[in-house]
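Undergrad: Supplied in structure tokens, the structure appears directly below.
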Amino acid sequence: MEGWDPSLLFRIADVAGVVGNGLLGGAVARARRFDLIGFLFLAIVSGLGGGIIRDVMLSARPVALTDPLYLGGAVTAAVIAYLLTLDGPISRRALSLVDVIALGCWSATGASKALAAGLGWIPAILLGVITAVGGGMLRDVLVNETPAIFGGKPIYATIGVLAALEMVALQHYGRPALGMGVAILTATALGLVARWRNWQLPGPADVTFRPARLRRLRRRDYEDPDEAPGPNHDFGP
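Position one of the sequence shown corresponds to residue 1 (UniProt numbering), numbered consecutively onward.
Structural data, given as structure tokens:
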């Protein structure tokens, strides 16, 4: 459409992510029976934390502190979460949808701002993921929980990496608006399926090699048992 400014789409997506993550922060506050201050604090941290970290890393003034829409969106989300019960099945599904949409929004906007600052594609992907997960990590730490992206829950940051990568690729070809849309759709679809199917990254391998076990494995390489190395044998070249 003639006269369409893609930056408007970025701003809309950014503010939508603030409200969505603010609602998630408010839901956490309600689950712990916090007062209004607790709701406000967790909503602001959840909604604005990732963007503030991103802007500080880009040596820029945090847009969350210069644009009243951002702080206003987080406060509005806190009030909504304070007044409305968000622990029913419908509310949980809605919050889950908001969460994965915000994941795509923020991964894309973070990557786009990093590219606009002159950074390469790898730092852009990194800042996209930080934008998407930074606020949630701070929120979890504040309520003494292990951040969800560290494992034990459906994949989250991995989807953010993919969404940021799509944004970087399409912005490279001059299609930032398409990149934003593709990133949001990808994150939403994969995020919902990951939660439905409980997709998780594998944990650390539980394999331990002890000296005695290594010696037994080495002996199996010799056809003649008399040629097997002793305990003081040098296994070097």
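We put the CB at the ideal spot given by N, CA and C, even for glycine.
This one's a predicted model, so the numbers in the text were calculated from it and none came from an experiment.
1. Can you tell me whether G181 is helix, strand or coil according to DSSP?
2. Give me the Cβ distance between V79 and G20, rounded to the nearest whole Å; I'm assuming they're in contact under 8 angstroms.
3. If you count every other CB in all the chains shown that lies within 10 Å of the CB of F39, and 16 or more means buried, which is it?
4. Drop a sphere of 10 angstroms on the beta-carbon of I90, count the other beta-carbons inside from all chains shown, and report buried for 16 or more, exposed for fewer.
5. Suppose you measure from the CA of G174 to the CA of G152; what does that come to, to the nearest Å?
6. Kindly confirm or deny that the region 188-203 and the region 150-168 touch, where touching means at least three C-beta pairs closer than 8 angstroms.
7. By the 10 Å Cβ neighbour count, where 16 or more other Cβ atoms means buried, how is G176 classified, buried or exposed?
8. Among N198, A27, P123 and G22, whose alpha-carbon lies nearest the alpha-carbon of G49?
9. With C-beta atoms as the reference, is G134 less than 9 angstroms away from G73?
10. Using the beta-carbon count (16 or more within 10 Å), is R139 buried or exposed?
11. Please work out which residues of its chain come closer than 6 angstroms, Cβ to Cβ, to F235, disregarding the five sequence neighbours upstream and downstream, and give them in chain order.
12. Around the C-beta of G160, are 16 or more other C-beta atoms found within 10 angstroms, so that it is buried, or is it exposed?
13. Y173 by DSSP, collapsed to three states: which one?
14. In this structure, how does DSSP classify W199 when only helix, strand and coil are distinguished?
15. Helix, strand or coil for I130, going by three-state DSSP, please let me know.
16. Quick check: M180 and A108, are their CB atoms within less than 9 angstroms of each other?
17. According to the Cβ coordinates, are L119 and A163 closer than 9 angstroms?
18. Determine the direct distance from the alpha carbon of W199 to that of V28, and round the result to whole angstroms.
19. Quick check: what's the CA-CA separation for F34 versus I149?
20. Return the first residue and the last residue of the alpha helix (DSSP H) that Y70 is part of.
21. Any idea what DSSP makes of E166, helix, strand or coil?
TA: Concretely, from the data shown:
1. G181 sits in a helix when the DSSP states are folded into three classes.
2. Not really, about 15 angstroms apart at Cβ, beyond 8 angstroms.
3. By the 10 Å Cβ count, F39 comes out buried.
4. By the 16-neighbour rule on beta-carbons within 10 angstroms, I90 is exposed.
5. 38 angstroms
6. yes
7. Gly is not the amino acid found at residue 176; the sequence shown has Pro there. Per the 10 Å Cβ criterion, buried.
8. Per the Cα distances, G22.
9. The answer is no: Cβ separation not under 9 angstroms.
10. buried
11. Low per-residue confidence applies at F235: pLDDT is 44, beneath 50, and the placement is therefore not dependable, though the value from the model is reported in the following sentence. Answer for F235: no residue qualifies.
12. buried
13. coil
14. coil
15. The three-state secondary structure of I130, taken from DSSP, is helix.
16. Yes, Cβ-Cβ distance for M180 and A108 is below 9 angstroms.
17. no
18. When rounded, the distance between both Cα atoms is 23 angstroms.
19. 24 angstroms
20. P68 to L83
21. Correct three-state label for E166: helix.
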